[in-house]
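> Per my numbering: the sequence shown = residues -9 to 171.
This is the structure I have questions about; it appears just below.
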Amino acid sequence: MQHAIWDIDFRKQQITITDNESKLDIPENIIENKLFIGVAGIPSIACKLNEKKVWNFTVDLGYNGGIVVPFSEFKKQTENGAIVDFKKSNTKGVTGIYGAKNTTRESYIGIIEEIEFGNSTLENVKVYAEQYLEKRFGSDFLKNYRIILNWNSKKIKLIKNEQTNESLVNGLRTKSVKENS
């Protein structure tokens, strides 16, 4: 499967696997980044968080969360003022094979002004950081895109999904309320 091209469309709930990317309907205006293939074929990408390069964000379709950034980098950027919109909390949980009890870890939820992702910059992105949690792009972020993983060219392409029916209906409601006022 690593020598194939995967087209994952969350909106249509469809996965297409092909050996030729030209068979896919790919628009011109896309987000594209290099794809690094790690141990056991795990795909990862590099990004810049507020202009600071961070390597090896796992592309993790099995993780239900959004974007997890390195805890140390998040903490540095809050201390130097690069990230100002954040909330700190303490997460309690069980760790280790025998479940050491009452383990508390610092965690953060915040907004990063800029994540440079290949040929594009994502602005004001919600992220999460927690001690001992690896950096990754999870399905809560990726579901907003159609994702093409090309294992041969080592590229990831993101195509922004069009508005969902729900957001379109809400937009129409807002417009009609304003017109009636």
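Where a beta carbon is used, it is the ideal one built from N, C-alpha and C, also for glycine.
Please read these numbers as outputs of a predicted model, since none were measured by experiment.
Within 10 Å of its beta-carbon, does Ile35 have 16 or more other beta-carbons around it, so buried, or fewer, so exposed?
Classification for Ile35: buried.
> At 3 residues or longer, and completely inside the stretch 24 to 99: list those beta strand (DSSP E) runs for me, N to C.
Counting whole runs of 3 or more residues, the stretch 24 to 99 contains the beta strand (DSSP E) stretches 33 to 39, 42 to 50 and 76 to 85.
> Cutting at 6 Å between CB atoms, please list the residues of its own chain near Asn134, excluding the five before and the five after it.
Contacts found: Asn151.
> Which whole-angstrom value is the C-beta distance of Ile138 and Asp9, which I expect to be below 8 Å?
Contact flag wrong, Cβ pair sits at about 13 Å.
> Quick test of the definition: if touching needs 3 or more C-beta pairs under 8 Å, does the stretch 46 to 56 touch the stretch 122 to 136?
With a cut-off of 8 Å, the stretch 122 to 136 and the stretch 46 to 56 count as touching, because enough Cβ pairs lie within range.
> Of the choices Asn80, Ile57, Asn40 and Ser97, whose alpha-carbon is the least far from that of Asn70?
Ranking the options by Cα distance to Asn70, first place goes to Asn40.
> Which value, in whole angstroms, describes the spacing of the CA atoms of Val111 and Ser79?
In the sequence as presented, Val is not what sits at residue 111; that position holds Thr. About 28 Å.
> Can Gly55 be considered in contact with the ligand GDP, in the sense that its beta carbon sits closer than 7 Å to one or more heavy atoms?
No copy of the ligand GDP appears in this structure; indeed no ligand is present at all.
> From Gly55 to Tyr118, what does the alpha carbon distance come to, in whole angstroms?
Roughly 9 Å between the two C-alpha positions.
> Could you pull out every residue in the same chain whose Cβ sits closer than 6 Å to the Cβ of Ala72, ignoring the five residues on either side in sequence?
Asn40, listed in sequence order.
> Could you tell me the distance, in whole angstroms, from the CA atom of Ser12 to the CA atom of Ile(-5)?
Each residue's alpha carbon lies about 10 Å from the other.
> Please say whether Ile149 and Arg136 have beta carbons closer to each other than 8 Å?
Taking 8 Å as the Cβ cut-off, Arg136 and Ile149 qualify as a contacting pair.
> Under 8 Å between the Cβ atoms of Ile27 and Lys144?
A contact, by the Cβ cut-off of 8 Å.
> Taking a contact to mean a Cβ-Cβ separation below 8 Å, would you say Gln121 touches Phe64 in this structure?
Taking 8 Å as the Cβ cut-off, Gln121 and Phe64 do not qualify as a contacting pair.
> Would you kindly report the start and end of the unbroken beta strand (DSSP E) that includes Leu148?
Taken as a continuous stretch (DSSP letters only), the beta strand (DSSP E) holding Leu148 covers Lys145 to Lys150.
> For the alpha helix (DSSP H) that Phe131 lies in, which residues bound it at each end?
Looking at the DSSP string, the run of the alpha helix (DSSP H) that includes Phe131 is Ser129 to Leu132.
> Quick check on DSSP: helix, strand or coil for Glu172?
Residue 172 is absent from the structure shown; the chain starts at -9 and stops at 171.
> Going by alpha carbons, who is nearest to Gly108 out of Lys82, Lys38 and His(-7)?
Among Lys82, Lys38 and His(-7), the Cα nearest to that of Gly108 is on Lys38.
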